Amino acid sequence: MNSDQIEGNWKQFKGKIKEKWGKLTDDDIQVISGKRDTLIGKLQERYGIAKEEAEAQLKAFEEQDRAA
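Right under this line is the structure:
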């Protein structure tokens, strides 16, 4: 899944993203609006993790979603 797929399917993914990362607020979800880099930044901010860890978590999430 690439950033275009996240943005194109944002309505589908935002619920799953909120379920996976419960610390993201509704405002965060609105700001992210399908932008992969913004999502990574918000994961760093809310969870206090490094960019590499946020990217790894998002990649795992994308792979899990693709397999479903």
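Going letter by letter, the sequence shown gives residues 103 to 170 in our numbering.
Yeah, the Cβ is synthetic: ideal placement off N, Cα and C, and Gly gets one too.
Predicted, not measured: the structure shown is a model, and the values here were computed from it.
Collapsed DSSP secondary structure at A152 in the structure displayed: As a first step, residue 152 must be located in the sequence shown, where it is residue number 50. Here A152 sits in coil by DSSP.
Using DSSP with H/G/I as helix, E/B as strand and the rest coil, what is T140? Within the sequence shown, residue 140 is the residue found at index 38, counting from 1. T140: helix per DSSP, three-state reduction.
Kindly give me the distance between the Cβ atoms of I134 and L160, rounded to whole angstroms, as I take these residues to be in contact under 8 Å. Here residue 134 is taken as the residue at index 32 of the sequence shown, counted from 1. Here residue 160 is taken as the residue at index 58 of the sequence shown, counted from 1. Wrong, their Cβ atoms sit about 11 Å apart, outside the cutoff.
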